[in-house]
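Engineer: Residue numbers (my numbering), protein chains in the order written: chain A, 330 to 501; chain B, 130 to 399.
The structure is given below, and queries will be raised subsequently.
Written out as structure tokens, the structure reads:
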């Protein structure tokens with residue numbers, strides 16, 4: 330058993346976007362604030378801070394989850410992926426990001442990082458999702474700009490592209 | 130919107146968690162998936178001095194099916210039960226209701242027992258446990274006891290769990306009886322304005338309603354139809370003592386109880 334004292338910082342070691350990462354966190358520090366202020370990964374946005382809006386969604390151990398409903402201390406030893414993992418390089422967009430751009434699936438962009446990570450986690454497990462399952466997934470996010478329809482279109486197109494890519498890799 | 134300070138205890142054995150809980154009582158809270166508790170902490174509606182994380186306790190992470198009962202441990206996440214291959218066969222009502230519990234992004238971490246412990250009056254899992262006549266398995270450092278769902282929920286986010294007890298597991302009776310589930314919410318996955326579960330019983334149908342009273346309420350009805358059914362549901366709707374809030378009026382809630390209730394009773398008695 331370990332007891333992390335209130336008011337003191339304790340080491341947190343985890344994997345961030347495939348690389349080992351370490352920081353220090355008080356027990357009460359949320360994963361959102363840990364990522365943004367300790368690690369400096371500001372792609373994860375902070376919206377409602379009580380699990381409703383979905384802006385802070387990241388992928389923890391392969392599953393989309395709310396970073397604002399997770400303590401930094403809870404992710405010790407976990408694998409975390411954030412929106413910073415999606416672009417293959419600083420000047421190129423990933424498959425999901427490109428589809429979002431083509432379909433105008435964002436306007437202000439505040440909700441986008443969370444939605445991209447939900448879709449990233451989901452599409453790795455569901456290669457050919459139908460519209461209904463994507464809309465069910467998106468029910469965990471609030472977007473006040475797009476009306477969701479362009480997001481659904483972008484997601485379906487990206488899913489097909491990702492499935493083709495993995496198919497090609499399997500053939501090769 | 131940040132939690133107040135607390136100590137964080139990462140238990141490696143159940144005894145350790147029970148020991149801390151026994152010593153610190155109501156100053157300590159169990160955290161499992163945290164999908165209800167973290168929101169309470171962020172809003173400072175809860176300010177425990179100690180959080181006890183039980184997610185590393187392998188003995189709490191099991192789904193055990195014994196023929197007539199399915200026991201779900203305190204560390205079983207909602208998406209794990211949803212993915213359990215025997216769910217639809219053994220617990221068809223849970224299979225219907227669980228997709229309405231939160232969202233993909235909260236079911237990935239939230240636990241079954243955590244939702245029961247939180248006892249939100251509009252949550253689906255307390256409603257389903259009550260409708261099926263399930264049990265809550267409580268444990269403290271000195272004793273174990275089982276409490277029927279109808280005796281566990283005591284009011285708005287209030288249960289009969291003692292301060293030194295944790296929920297070790299909840300037990301759902303395996304039921305292949307006809308059943309149904311309906312819910313009306315502002316957004317799929319949000320808390321229900323009205324949630325309704327129905328299970329066929331030997332004498333008729335049991336109807337359980339969430340989101341209206343300050344806890345889920347179940348009522349057994351004989352097989353009724355037509356205006357007799359409407360009258361019975363109207364009486365039930367009024368007895369739930371609905372209140373107005375920002376989401377819906379009391380009148381709308383009573384209307385939903387009557388309409389959803391009638392559809393479900395007919396469906397289940399068919």
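Here a beta-carbon is modelled for each residue, glycine too, at the ideal position from N, C-alpha and C.
Computed from a predicted model, the values in this text were never measured in an experiment.
Within a Cβ cutoff of 7 Å, which residues of the same chain sit near residue 292 of chain B, ignoring the five residues on either side of it in sequence?
Structural biologist: By one-based count along the second chain, residue 292 of chain B stands at place 163. Hits under 7 Å: 154 and 155.
Engineer: Scan the region 171 to 183 of chain B for residues whose Cβ lies nearer than 9 Å to a Cβ of chain A and list them as they occur along the chain.
Structural biologist: Listed by position, the residues of the region 171 to 183 of chain B near chain A (Cβ gap below 9 Å) are 171, 172, 178, 179, 180 and 182.
Engineer: By Cβ distance below 7 Å, which residues in the same chain neighbour residue 190 of chain B in space, the five residues on each side in sequence not counted?
Structural biologist: Within the second chain, numbered from 1, the residue matching residue 190 of chain B stands at position 61. The residues are 202, 204 and 205.
Engineer: Which residues share a DSSP beta bridge with residue 317 of chain B?
Structural biologist: In the second chain, counting from the first residue as 1, residue 317 of chain B sits at position 188. The partner list for residue 317 of chain B (beta bridge, DSSP) is empty, contrary to what the question assumes.
Engineer: Tell me residue 264 of chain B's beta-bridge partners as DSSP assigns them.
Structural biologist: For this step, residue 264 of chain B is matched to residue 135 along the second chain. Note: residue 264 of chain B sits in a beta bridge opposite B:277 and B:300.
Engineer: Please list the residues of the region 235 to 268 of chain B that have a C-beta atom closer than 7 Å to any C-beta atom in chain A, keeping them in chain order.
Structural biologist: Flagged, chain order: 235, 237 and 238.
Engineer: When the Cα atoms are used, what is the spatial distance from residue 501 of chain A to residue 411 of chain A?
Structural biologist: Residue 501 of chain A sits at position 172 when you count from the first residue of the first chain. Residue 411 of chain A sits at position 82 when you count from the first residue of the first chain. Any reading at residue 501 of chain A must be qualified, since the residue scores a pLDDT of 49, below 50, and its modelled position is unreliable; no value is offered.
Engineer: Taking only beta-carbon atoms, is residue 313 of chain B less than 8 Å away from chain A?
Structural biologist: Numbered from its first residue, the second chain carries residue 313 of chain B at position 184. Residue 313 of chain B does not count as touching chain A.
Engineer: Could you give the first and the last residue of the continuous alpha helix (DSSP H) run that contains residue 343 of chain A?
Structural biologist: As a working mapping, residue 343 of chain A is identified with position 14 in the first chain. Taken as a continuous stretch (DSSP letters only), residue 343 of chain A belongs to no alpha helix (DSSP H), being part of the beta strand (DSSP E) at 339 to 345.
Engineer: Looking at C-alpha atoms only, which residue of B:313, B:317, B:327 and B:352 is the closest neighbour of residue 384 of chain B?
Structural biologist: As a first step, residue 384 of chain B must be located in the second chain, where it is residue number 255. Checking every option, the nearest Cα to that of residue 384 of chain B belongs to B:313.
Engineer: If contacts are defined as beta-carbon pairs under 8 Å, then residue 180 of chain B and residue 135 of chain B qualify, I think. What distance do you get, rounded to the angstrom?
Structural biologist: Here residue 180 of chain B refers to the residue found at position 51 of the second chain. Here residue 135 of chain B refers to the residue found at position 6 of the second chain. Yes, they are in contact, since the Cβ atoms of residue 180 of chain B and residue 135 of chain B sit about 5 Å apart, within 8 Å.
Engineer: Could you tell me which chain B residues have their CB closer than 8 Å to the CB of residue 397 of chain A, listed as they occur along the chain?
Structural biologist: Residue mapping note: residue 397 of chain A aligns to position 68 of the first chain, counting from 1. Chain B residues near residue 397 of chain A: 167 and 171.
Engineer: Are the C-beta of residue 133 of chain B and some C-beta of chain A separated by less than 8 Å?
Structural biologist: Within the second chain, the letter at position 4 stands for residue 133 of chain B. Chain A, which has a Cβ nearer than 8 Å to the Cβ of residue 133 of chain B, makes this yes.
Engineer: Closer than 8 Å, CB to CB, is residue 393 of chain A near chain B or not?
Structural biologist: Numbered from its first residue, the first chain carries residue 393 of chain A at position 64. Yes - at least one Cβ of chain B is within 8 Å of the one on residue 393 of chain A.
Engineer: Run through chain A and tell me which residues come within less than 8 Å of residue 450 of chain B, C-beta to C-beta.
Structural biologist: No information on residue 450 of chain B is available, as it lies outside the stretch 130 to 399 that chain B covers here.
Engineer: With a Cβ-Cβ cutoff of 8 Å, do residue 423 of chain B and residue 248 of chain B count as a contact?
Structural biologist: The question about residue 423 of chain B has no answer here: the residues shown for chain B are numbered 130 through 399.
Engineer: Residue 179 of chain B bridges to which residues according to DSSP?
Structural biologist: Reading the second chain from its first residue, position 50 is the one you call residue 179 of chain B. Answer is B:136 and B:157.
Engineer: For residue 453 of chain A, I'd like the list of residues in its chain whose CB is within less than 6 Å of its CB, leaving aside the five on either flank, ordered along the chain.
Structural biologist: To locate residue 453 of chain A, count along the first chain from 1; it is residue 124. Closer than 6 Å at the Cβ level, and outside the excluded window around residue 453 of chain A, lies no residue.
Engineer: Are residue 400 of chain A and residue 356 of chain A touching if we call contact CB-CB under 8 Å?
Structural biologist: Along the first chain, read from residue 1 onward, the residue named residue 400 of chain A stands at position 71. Along the first chain, read from residue 1 onward, the residue named residue 356 of chain A stands at position 27. Yes, the Cβ-Cβ distance between residue 400 of chain A and residue 356 of chain A is below 8 Å.
Engineer: List the residues of chain B that residue 426 of chain A touches, going by C-beta distances under 9 Å, in chain order.
Structural biologist: Against the first chain, residue 426 of chain A aligns to sequence position 97. Simply none; closest approach about 19 Å.
Engineer: Which one or two residues does DSSP pair with residue 350 of chain A in a beta bridge?
Structural biologist: As a working note, residue 350 of chain A is residue 21 in the first chain. Per DSSP, A:343.
Engineer: What's the gap between the Cα of residue 417 of chain A and the Cα of residue 279 of chain B?
Structural biologist: Counting from one through the first chain, the residue named residue 417 of chain A turns up at place 88. Counting from one through the second chain, the residue named residue 279 of chain B turns up at place 150. Rounded to the nearest angstrom, the two C-alpha atoms are 54 Å apart.
Engineer: CA-CA distance, residue 208 of chain B and residue 429 of chain A?
Structural biologist: Here the question's residue 208 of chain B lines up with position 79 in the second chain. Here the question's residue 429 of chain A lines up with position 100 in the first chain. Going from the Cα of residue 208 of chain B to the Cα of residue 429 of chain A covers about 28 Å.
Engineer: Could you tell me which of B:235, B:377, B:243 and B:326 sits nearest to residue 392 of chain B, measuring between CA atoms?
Structural biologist: Counting from 1 along the second chain, the entry for residue 392 of chain B is found at position 263. Out of B:235, B:377, B:243 and B:326, B:326 has the C-alpha closest to the C-alpha of residue 392 of chain B.
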